[in-house]
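Written below as C-alpha cells is the structure these notes are about.
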Amino acid sequence: MSAPSSQQTATCSCPPQTATPCSTPTSTISPPNADCPPVAGTPISANNANILADSLGVSPLYRQQDSARWQSAAQVYQSSRAHSPVPFATAQTTILDGVASGAAAMCMPPNELSKRVQEEARNKEAISSPISLEDIAAMNRKRHAQFGGKMPNHEGGPLELEAIAAVHELAAHVQAICVSDMLPRTAELIFVNVKTLDGHPYTLELTMKGWRIASVHTDCMNGDYTNFEMHTKYYDNAKQVLAIISPNHVCHFNHCLTERLNQLKTDIDQHDEEVAQLTA
C-alpha cells in the first residue's frame, strides 16, 4: 500500500468521465505512470518515493508482500486461460511477460495491473475465457465459511484474484472501475471504486466474507447513515452488487452488443459486395 499523501482527503473522487453511447467503458481511472522509476530531477512525491524504493528493493516488507500477492493473483488469472473451454483460445500469457518478477513487478500498482489485464483482453483477437468471477467468489466464500476471520494464509492472493476478476468482467457494464489506491488495502480488505452507467459513484468493500456497498462516494468508507441496510448487506460476488446499484446495465450491454453485431454484419455485406464486383 502506497504511503499516504499529506494532501489526500477521505472523499477524493476519480476524475469525471463522460460516457458515450455504446463506447468502450473505462476499466480503471488513469493511474500515475508507475511502470518505471522516476528519472533524475523528478520531484520526490509520496508516490514517486514509493516507486523508487520498490525499484531499489528497499521498500517495506508490507509493500513487498502486497506487490507479490497482486502479481501472483494476476498470473493465476491469466494462466487460467490455458484451461478455457472457449474454442480456438490461446493460452499464452503476455500481459506480465518481463514484469512478473524483479524490480519492474514492484513498480506496478494494483490499479495499473488491473488496467493491463483488461487492455490485454480487449486487444486479443481470439480471446480465451479466464476463470469466472462467480467461481472465484464461491471459492473465497467457502474458505470464509470454513475458517471465518482466521484464514490460515493468503498465499497466492485469493482476494486480489477476485478483485482483478471483478475489474475484468464488470468493465463492460460500468463507466469506470478500479482498485482504490487511497483506501486501506491488505490481504483481508480491498476497496474497489465503481462509477455506474448513470454516473453514480460507489466504493465497494471486498473481504473474504463478500462484497458490500461501503459508500456512495468514490474513495470513501463513510456510509449513508439514513440508509443503514444498504451498507450492512453482504453479496456473494460483485455482479450481485452491480444488479443493485445499476439495475439497467444488462439492457445497456445488450443494446450495445446488438449495435455492434449489426455493424459487423453491414461490414461483412459491404466486403462481399466489393469482392463480387472485383470478380465480375
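According to the working numbering, the sequence shown is numbered sequentially starting from 37. Beta carbons are placed, not taken as given, at the ideal position from N, Cα and C, and that holds for glycine. Nothing here was measured: the structure is a model prediction, and the numbers come from that model.
Coarse secondary structure for residue i, derived from DSSP in three states
{"i": "lysine 269", "result": "coil"}
{"i": "valine 210", "result": "coil"}
{"i": "tyrosine 238", "result": "strand"}
{"i": "asparagine 298", "result": "helix"}
{"i": "alanine 250", "result": "strand"}
{"i": "lysine 245", "result": "coil"}
{"i": "valine 277", "result": "helix"}
{"i": "isoleucine 167", "result": "coil"}
{"i": "methionine 94", "result": "First, the amino acid is wrong: residue 94 is valine here, not methionine. Looking at valine 94 - three-state DSSP - the assignment turns out to be coil, as it is neither helix nor strand."}
{"i": "asparagine 229", "result": "strand"}
Buried or exposed by the 16-neighbour rule on C-beta atoms within 10 Å, applied to residue i
{"i": "lysine 178", "result": "exposed"}
{"i": "glutamine 182", "result": "exposed"}
{"i": "asparagine 176", "result": "buried"}
{"i": "proline 204", "result": "The sequence as given places histidine at residue 204; proline does not occur at that position. It counts as buried."}
{"i": "leucine 314", "result": "exposed"}
{"i": "alanine 212", "result": "buried"}
{"i": "aspartate 102", "result": "buried"}
{"i": "alanine 173", "result": "buried"}
{"i": "valine 94", "result": "exposed"}
{"i": "alanine 312", "result": "exposed"}
{"i": "histidine 291", "result": "exposed"}
{"i": "proline 283", "result": "exposed"}
{"i": "isoleucine 226", "result": "buried"}
{"i": "arginine 296", "result": "exposed"}
{"i": "glycine 184", "result": "exposed"}
{"i": "leucine 206", "result": "buried"}
{"i": "histidine 236", "result": "exposed"}
{"i": "glutamate 265", "result": "exposed"}
{"i": "proline 220", "result": "exposed"}
{"i": "glutamate 310", "result": "exposed"}
Whether residue i touches residue j by CB criterion (8 Å)
{"i": "histidine 267", "j": "leucine 278", "result": "no"}
{"i": "isoleucine 281", "j": "threonine 243", "result": "no"}
{"i": "alanine 223", "j": "arginine 105", "result": "yes"}
{"i": "tyrosine 113", "j": "isoleucine 200", "result": "yes"}
{"i": "aspartate 255", "j": "threonine 239", "result": "yes"}
{"i": "alanine 250", "j": "glutamate 196", "result": "no"}
{"i": "valine 228", "j": "alanine 208", "result": "no"}
{"i": "histidine 180", "j": "lysine 245", "result": "yes"}
{"i": "valine 230", "j": "valine 252", "result": "no"}
With a cut-off of 8 Å, do at least 3 Cβ pairs link the stretch 166-177 to the stretch 209-221?
-> no
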